[in-house]
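Visitor: In terms of the working numbering, the numbers along the sequence shown are unbroken and rise by one, the last being 262.
All residues carry an ideal CB built from backbone N, CA and C; glycine is no exception.
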Amino acid sequence: MTALRTEGHSIDRTEGFTMVNTGTTAQINFDGSAPLLYGGPLPLGSQYDLVQAHFHWGSSDAQGSEHAQFGNYGPLEIHFVHKKTTYADLTAAIAEPDGLAVFGVIFALQNADNPKLDKIVNKLSSIPNPDSSPVTLDSDAMVWLDDVLSTFRYYNYPGSLTTHDCNEVVTWIVMHKTIGISAAQVQKFRTLKNADGADILEARRAVQNLNDRVITCARGCLATPAPEGVP
Numbered sequence: 032m033t034a035l036r037t038e039g040h041s042i043d044r045t046e047g048f049t050m051v052n053t054g055t056t057a058q059i060n061f062d063g064s065a066p067l068l069y070g071g072p073l074p075l076g077s078q079y080d081l082v083q084a085h086f087h088w089g090s091s092d093a094q095g096s097e098h099a100q101f102g103n104y105g106p107l108e109i110h111f112v113h114k115k116t117t118y119a120d121l122t123a124a125i126a127e128p129d130g131l132a133v134f135g136v137i138f139a140l141q142n143a144d145n146p147k148l149d150k151i152v153n154k155l156s157s158i159p160n161p162d163s164s165p166v167t168l169d170s171d172a173m174v175w176l177d178d179v180l181s182t183f184r185y186y187n188y189p190g191s192l193t194t195h196d197c198n199e200v201v202t203w204i205v206m207h208k209t210i211g212i213s214a215a216q217v218q219k220f221r222t223l224k225n226a227d228g229a230d231i232l233e234a235r236r237a238v239q240n241l242n243d244r245v246i247t248c249a250r251g252c253l254a255t256p257a258p259e260g261v262p
């Protein structure tokens, strides 16, 4: 297996980011050129470009992530959704068995706020409703991701989307390293409203049985410039 490579996900991005309330989650869009993901468990010679990133959380800090490591959930998880570059858009990619690659990062609860996340968390109040205008994030809003991408360990398995029709078209890559976040920071995600004006308290799909899926743990295979269940 070649090294898994990411390009442009965590850099100080002059092209910027915007964040929106979709009515089901907080979604981050990367303006300008799309970051790339390739190598590792992905088809040889293929590249996947980032479409968007979004968060999952629950009503309880004890169970907010969509993946569990050794039976332990995090209060929050972020998914970076990529489509194969040869497909025109997300709709086309969802129809293909090799259409999507998603890498996820699980957050771990800590007592103190994580200041590296403030540039995202503190902007949530600007998008309380699905019809709120997108909010612009600072150019360095994603640099915290460097802490994860430098650890050289991840899990991967073939799986499905965790929303809508749950299409079985995803190569999942779940990072082993977690990112610290406080309960107060997680709570700000729960203040977002859905289309009915209610707080979004459950923005996650429950962990599913493995069935016949095989989870692979890769060590030393991540280059940048094990879940117990699957969603």
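Which of helix, strand or coil does DSSP assign to Pro146?
Guide: Locating residue 146 in the sequence shown gives position 115, counting from the first residue. Of the three classes helix, strand and coil, the one that applies to Pro146 here is helix, per DSSP.
Visitor: So, do the region 32–46 and the region 149–159 have three or more beta carbon pairs nearer to each other than 8 Å?
Guide: Taking 8 Å as the limit for Cβ pairs, the verdict is that the region 149–159 does not touch the region 32–46.
Visitor: Using a Cβ-Cβ cutoff of less than 7 Å, which residues in the same chain neighbour Gln218 once the five nearest sequence positions on both sides are dropped?
Guide: Translated into the one-based positions of the sequence shown, residue 218 becomes position 187. No residues qualify anywhere along the chain.
Visitor: Can you tell me which of His207, Gly54 and Arg250 puts its alpha carbon nearest to the alpha carbon of Ser164?
Guide: Taking the sequence shown and counting its residues from 1, one reaches residue 164 at position 133. It is Gly54 whose Cα lies nearest to the Cα of Ser164.
Visitor: Would you check if the distance between the CB atom of Ala40 and the CB atom of Leu81 is smaller than 8 Å?
Guide: For the purposes of this step, residue 40 is taken as the residue at position 9 of the sequence shown. For the purposes of this step, residue 81 is taken as the residue at position 50 of the sequence shown. Residue identity differs from the one stated: residue 40 is His in this sequence, not Ala. Result yes, Cβ atoms of His40 and Leu81 sit closer than 8 Å.
Visitor: Would Leu180 and Met50 qualify as a contact pair, given that the criterion is a beta-carbon distance under 8 Å?
Guide: Numbered from 1 along the sequence shown, position 149 holds the residue referred to as residue 180. Numbered from 1 along the sequence shown, position 19 holds the residue referred to as residue 50. It is not a contact, given that the beta carbons lie outside the stated cut-off.
Visitor: When you compare only the Cα positions, how much space is there between Phe183 and Ala229?
Guide: Against the sequence shown, residue 183 aligns to sequence position 152. Against the sequence shown, residue 229 aligns to sequence position 198. Cα-Cα distance, rounded: 40 Å.
Visitor: Quick one: what does DSSP say Leu232 is sitting in, helix, strand or coil?
Guide: Residue mapping note: residue 232 aligns to position 201 of the sequence shown, counting from 1. Looking at Leu232 - three-state DSSP - the assignment turns out to be coil, as it is neither helix nor strand.
Visitor: Quick one: give me the first and last residue of the beta strand (DSSP E) that Arg184 is part of.
Guide: Reading the sequence shown from its first residue, position 153 is the one you call residue 184. Arg184 -> beta strand (DSSP E) spans Arg184 to Gly190.
Visitor: Starting from Ile125, trace the beta strand (DSSP E) in both directions and tell me its first and last residue.
Guide: Counted from its first residue, the sequence shown places residue 125 at position 94. That residue, Ile125, is in no beta strand (DSSP E); its alpha helix (DSSP H) goes Leu121 to Ile125.
Visitor: Compare the C-alpha of Asn160 against each of Tyr185, Asp227, Ser77 and Glu97 and name the closest.
Guide: For the purposes of this step, residue 160 is identified with residue 129 of the sequence shown, where counting begins at 1. For the residues Tyr185, Asp227, Ser77 and Glu97, the minimum Cα distance to Asn160 belongs to Asp227.
Visitor: Alpha carbons only, please: which of Tyr69, Glu97, Thr247 and Tyr186 is nearest the one belonging to Glu233?
Guide: Looking up residue 233 in the sequence shown gives position 202. Per the Cα distances, Glu97.
Visitor: Exposed or buried, Ser213, counting other C-beta atoms within 10 Å across all chains shown (16 or more means buried)?
Guide: Locating residue 213 in the sequence shown gives position 182, where the first residue counts as 1. So Ser213 ends up on the buried side.
Visitor: Can you tell me whether Ala34 is helix, strand or coil according to DSSP?
Guide: The residue given as residue 34 occupies position 3 in the sequence shown. Three-state DSSP puts Ala34 in coil, outside helix and strand.
Visitor: Leaving aside the five residues before and after Leu121 along the sequence, list all residues of the same chain whose C-beta is less than 7 Å from its C-beta, in chain order.
Guide: As a working note, residue 121 is residue 90 in the sequence shown. The residues are Val82 and Lys114.
Visitor: Would His347 and Tyr188 be called neighbours here (beta carbons separated by less than 8 Å)?
Guide: Absent from the structure is residue 347, since the part of the chain shown begins at 32 and ends at 262.
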